[in-house]
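If you read the protein sequences in the order shown, they are chains A and B.
Okay, so the first sequence: first residue is 0 according to numbering that gives the first Met the number 0, each after it adds one.
Okay, so the second sequence: first residue is 0 according to numbering that gives the first Met the number 0, each after it adds one.
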Amino acid sequence: MDLTTFVQLLIAGILLGGIYALASIGLTLIFGVMKIVNFAHGEFLMIAMYVSYWLYHYFRLDPYLSLVIVVPLLFFLGVLIYRWFIKGTIGAPPLTQIFITVGLSIVIENLVLLFWSADFRTISVAYLQSPFILGPFPAFDLEELIINPARLIAFAIGLSLSIVFYIFTRVSYIGKVIRATAQDRTTALLMGINIDKIYKLSFAIGIMLVGIAGALIIPIYTVHPFVGFEFVLVMFVVVVLGGMGSIVGAVIAGIFIGIVEVFSSYLIGPASKQAIYFIVFIAVLVFRPSGLFGEKGEEELEHIEAIS
Amino acid sequence: MKKLNLMKACLILMGIVFLSGNAIWAADDAWRIGAIFPVTGPMSKNGIKNYDGVKIATEMINAAGGVLGKKVLLVSADAPDPQAAASEANRLITNEKITAIIGTQSSSLSMAATVVAEKNKVFYIENEGVSGLITARGFKYLFRTTFSGGMMAAQMVDYSADTLAPKLGKKAKDLRLAIVHEDGGFGTSSSKGLVARAEALGLNVVSTQSYSSKSTDLSGLILKLKREQPDILLAAQYINDSILFHRQAKELKFKPLVLGTTAGQGNPDFMKALGADTEGVLAGGIPAEISINRLGAVQNKEAAEFVERYKASHNGEYPNPTSFVGFAGAWILYKFILPKAGSMDPDKLREAALSLDIPRGQGVLNWGIKFAGPDAKNAGQNVYASAGINQWQNGQLKLIYPEEVATSELIFK
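In structure tokens:
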């Protein structure tokens, strides 16, 4: 492999990883705080992609401007979903929670299919059509490097958002409360924290974050009712590999998986790339069951009392 | 409160069962034909289009007085996945007492549903699933009206060698062919067909690559193919991944002549996504259009009526290619097999199907009808069916081969 190909693949891998990371942060938040495995997470990505798509389709609204609508919409969707479906399962056995989120995912998929059909919908934004070309750099023996602008924007916004969100959980009062609840909900409850409110907020923020990811990737990917399924597996890998509940972990694991995927598909063959990153995934879990950045014991599902 | 809701749900459910049961028994004196298609789930996009073709064929035959004076009634079943296809086939056969089924659009669904039908000795028309495995099992009651993946692949390779090579200014043996395919049943079996034909003709396949159709990035694959500098890229992809592939290939400046299939490159969504970049892209498989004027007089009229009815029920949209094969399968059953059998007895239907020998051009579209016998390697295959090669020209998918039904000529830059 020559240097240009190597750098080109590295760029592709990092940018892809940024998309994975962005899509996974919300999931890791819900996982970390509520200990709920949200199997419907991919479907919320799909909904956000559709919202952004329709806004472009009917009003020619720029997909990045559509964030102004997507963000509050997905936040409130998160609040409603929490109130109607998730709240009742807090304190229920994990199996019940799995059933409710899997059920939600199937219902959402089929409702979307019913209303918007199985058409594959794509938007083409004019200013994102021509790729950035870097170089060539004869000094480093590099030919020109090609960068997809939409992927670069998704990566940049995703990364800055992760940093902002990380600081938010470290510095702000609400952020600290969310972390406290994640670490020990019984003590948090004793300290007078309104767990129900924090759960609702965390769930809504989680859905909102995946919504942002949806709006950012609509210029890159085709949206159809089953697009969530294409992302959800890799999102789970990212979350578990990075450590459940760890934002930094999700970003690093996302980029890591992106790089592994792109390189293995070049070197070994695209068909084997999933096998490769699952091997890495299993290897990491053997040595660090709580993931790369997870806190010890984070992976254990604890049984908690229902919120009354 | 919760109990009350449960009771309500039960009542509604009972109501649905009661109503649908009524609808079925009301038409006791009709030809009742099972229709298994994926109308929900990931494959529903083409499943619905195919079923639309079947429904329009049914409307047409009923408008013309039905078959032997009796109307045709479809008893539909939804098969989003192979398990559902098998269980729905079972339901149609045991509960609905169906003895002839048409389906299933997708090869993986067909594999599951046809096993159940064969076991119960139920007549089965497969109208779109192209996998070679379907007809490789020596089933007695299974008949595939459309071309097989192997027939399509062979045509794609032949077309590359006979027509595209001279245009590229090369001898067929000097062509650099590359194959890229998704790693599901469709892509894998198509790729096998492509490789087999290329080997038989002594052509040079420089690279064969597979990938998952659910991939989110194909840049590694594209850089790998680019290194091989193929003249023609034969691609067996689905729509979603074909869009991603073409977008990333354009970015990475990989611009071979692409000959894909109607499952991917020939899909109308491909045009919607890529616009002007589709110009010149080729797609083998289902003929996108039929030059109605070049068919026989009867076939002309039927095809024109089908297009007319399809447009009327789809806001003026031209039929999706998959609707054509859906229509063709149903039409072969209604127009040729059923009248000859005169009965819904699977054995009579089977004999009628096997006795047909309709030359090319006198069946449906430009196809003839002749099914391979149960001892053949491709038992039940309509050997007179034919695939076609299409090309995107000014935003329209035009049929450029075979010439007798082509609506346009190859445009070569």
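The C-beta atom is built at its ideal place from N, Cα and C for all residues, glycine as well.
Keep in mind it's a predicted model, so treat the numbers as computed, not measured.
Give me the DSSP bridge partner(s) of residue i.
| i | result |
| --- | --- |
| Arg31(B) | Leu72(B) |
| Gln395(B) | Gln392(B) |
| Ile177(A) | Paired residue(s): none; Ile177(A) is not in a bridge. |
| Phe122(B) | Ala99(B) |
| Asn381(B) | Phe370(B) |
| Val222(A) | Arg120(A) |
| Phe136(A) | Leu141(A) |
| Asp80(B) | BP columns for Asp80(B) are empty, so no partner. |
| Tyr400(B) | Ile388(B) |
| Arg143(B) | Glu125(B), Gln380(B) |
| Leu233(B) | Ile178(B), Leu258(B) |
| Ile410(B) | Answer is none; Ile410(B) lacks a bridge partner. |
| Phe131(A) | Ile146(A) |
| Ile357(B) | Ile368(B) |
Rounded to whole angstroms, how far is the Cβ of residue i from the Cβ of residue j, which I believe are closer than 8 Å?
| i | j | result |
| --- | --- | --- |
| Pro81(B) | Met110(B) | 7 Å |
| Phe29(A) | Gly205(A) | Before going further, note that residue 29(A) is Ile rather than Phe in the sequence given. Yes, they are in contact, since the Cβ atoms of Ile29(A) and Gly205(A) sit about 4 Å apart, within 8 Å. |
| Ile72(A) | Val50(A) | With the sequence shown as reference, residue 72(A) is identified as Leu, and Ile is not the correct amino acid for it. At roughly 6 Å, the Cβ-Cβ gap stays under 8 Å, so Leu72(A) and Val50(A) are in contact. |
| Gly157(A) | Leu64(A) | About 17 Å; that fails the 8 Å criterion. |
| Ala76(B) | Gly33(B) | 6 Å |
| Phe164(A) | Ile24(A) | 7 Å |
| Ser147(B) | Gln361(B) | Between Gln361(B) and Ser147(B) the Cβ distance is about 21 Å, and since that is not below 8 Å, they are no contact. |
| Leu8(A) | Ser214(B) | Rounded, the Cβ-Cβ distance is 15 Å, inconsistent with contact. |
| Gly31(A) | Gly244(A) | 2 Å |
| Tyr309(B) | Pro318(B) | 4 Å |
| Pro135(A) | Leu141(A) | 6 Å |
Within 10 angstroms of the Cβ of residue i, are there 16 or more other Cβ atoms? Answer buried if so, exposed if not.
| i | result |
| --- | --- |
| Tyr172(A) | exposed |
| Ile13(A) | buried |
| Ala22(B) | With a pLDDT of 44 at Ala22(B), under the threshold of 50, the predicted position of this residue should be treated as unreliable, though the coordinate-derived value follows. The residue in question, Ala22(B), is exposed, as its Cβ has fewer than 16 Cβ neighbours within 10 Å. |
| Gly20(B) | With a pLDDT of 44 at Gly20(B), under the threshold of 50, the modelled position of that residue is not reliable, and no figure is offered here. |
| Phe139(A) | exposed |
| Leu2(A) | exposed |
| Trp83(A) | exposed |
| Val257(B) | buried |
| Gly248(A) | buried |
| Leu332(B) | buried |
| Tyr383(B) | buried |
| Met0(A) | exposed |
| Asn170(A) | The residue asked about is misnamed: residue 170(A) is Val in this sequence, not Asn. Exposed, by the Cβ-count rule. |
| Ile221(B) | buried |
| Ser159(A) | exposed |
| Ile410(B) | exposed |
| Gln247(B) | buried |
| Met0(B) | Bear in mind that a pLDDT of 43 at Met0(B), under 50, signals an unreliable position, so the number given afterwards is only what the model happens to contain. By the neighbour-count rule (16 or more Cβ atoms within 10 Å), Met0(B) is not buried but exposed. |
| Leu189(A) | exposed |
| Ile10(A) | buried |
Since residue i meets chain A, which of its residues come closer than 7 Å, beta carbon to beta carbon?
| i | result |
| --- | --- |
| Ser43(B) | Leu112, Ala117 |
| Ile55(B) | The premise fails here: Ile55(B) is roughly 18 Å from chain A at the closest Cβ pair, so nothing lies under 7 Å. |
| Glu437(B) | Nothing can be reported for residue 437(B), as the shown portion of chain B is limited to 0 through 412. |
| Lys139(B) | The premise fails here: Lys139(B) is roughly 34 Å from chain A at the closest Cβ pair, so nothing lies under 7 Å. |
| Lys271(B) | Thr121 |
Name the chain C residues that come within less than 9 Å of residue i, Cβ to Cβ?
| i | result |
| --- | --- |
| Leu8(A) | The question asks about chain C, but that chain is absent: this structure's protein chains are A and B. |
Report the neighbours of residue i on chain B: residues whose CB is nearer than 8 Å to its CB, in chain order.
| i | result |
| --- | --- |
| Ala11(A) | Asp216, Ser218, Gly219 |
| Pro130(A) | Glu250 |
| Val261(A) | Asp216, Ser218, Gly219 |
| Glu42(A) | Within 8 Å Cβ-Cβ: nothing; Glu42(A) doesn't reach chain B, min ~13 Å. |
Can you pull the chain B residues whose beta carbon is under 7 Å from the beta carbon of residue i, in chain order?
| i | result |
| --- | --- |
| Leu15(A) | Thr215, Asp216 |
| Phe225(A) | Pro41 |
| Asn147(A) | Glu250 |
| Asn109(A) | Thr39 |
| Thr4(A) | Leu222 |
Quick one: which chain A residues come within Cβ less than 9 Å of residue i?
| i | result |
| --- | --- |
| Thr277(B) | Correct list: empty, because the minimum Cβ distance to chain A is about 12 Å. |
Taking Cβ-Cβ distances shorter than 8 Å, what residues in chain A pair up with residue i?
| i | result |
| --- | --- |
| Gly274(B) | Ser123 |
| Asp268(B) | Asp118, Phe119, Arg120, Thr121, Thr221 |
| Ile238(B) | Phe119, Thr221 |
| Ile242(B) | Phe119, Thr121, Thr221 |
inquiry  = My parser needs the alpha helix (DSSP H) runs of 4 or more residues fully inside the segment 154-231 of chain B; what are they?
reply    = Within the segment 154-231 of chain B, the complete alpha helix (DSSP H) runs of at least 4 residues are 184-199, 218-227.
ask   = Whole alpha helix (DSSP H) runs in the segment 35-73 of chain B with 4 or more residues, listed along the chain?
value = Counting only runs of 4 or more, we get 43-62.
query = Where in the segment 235-316 of chain B do unbroken runs of the beta strand (DSSP E), each at least 3 residues long, occur, reported from the N-terminal end onward?
reply = The beta strand (DSSP E) runs of length 3 or more contained entirely in the segment 235-316 of chain B are, from start to end of the chain, 256-260, 281-284.
ask   = Along the chain, which unbroken stretches of the beta strand (DSSP E) at least 3 residues long are found entirely within the segment 257-286 of chain A?
value = Positions of the beta strand (DSSP E) runs, each at least 3 residues long and wholly inside the segment 257-286 of chain A, cannot be given because no such run exists.
request  = Mind listing, in chain order, the continuous alpha helix (DSSP H) runs of no fewer than 4 residues lying wholly within the segment 28-60 of chain A?
outcome  = Whole alpha helix (DSSP H) segments, 4+ residues: 40-58.
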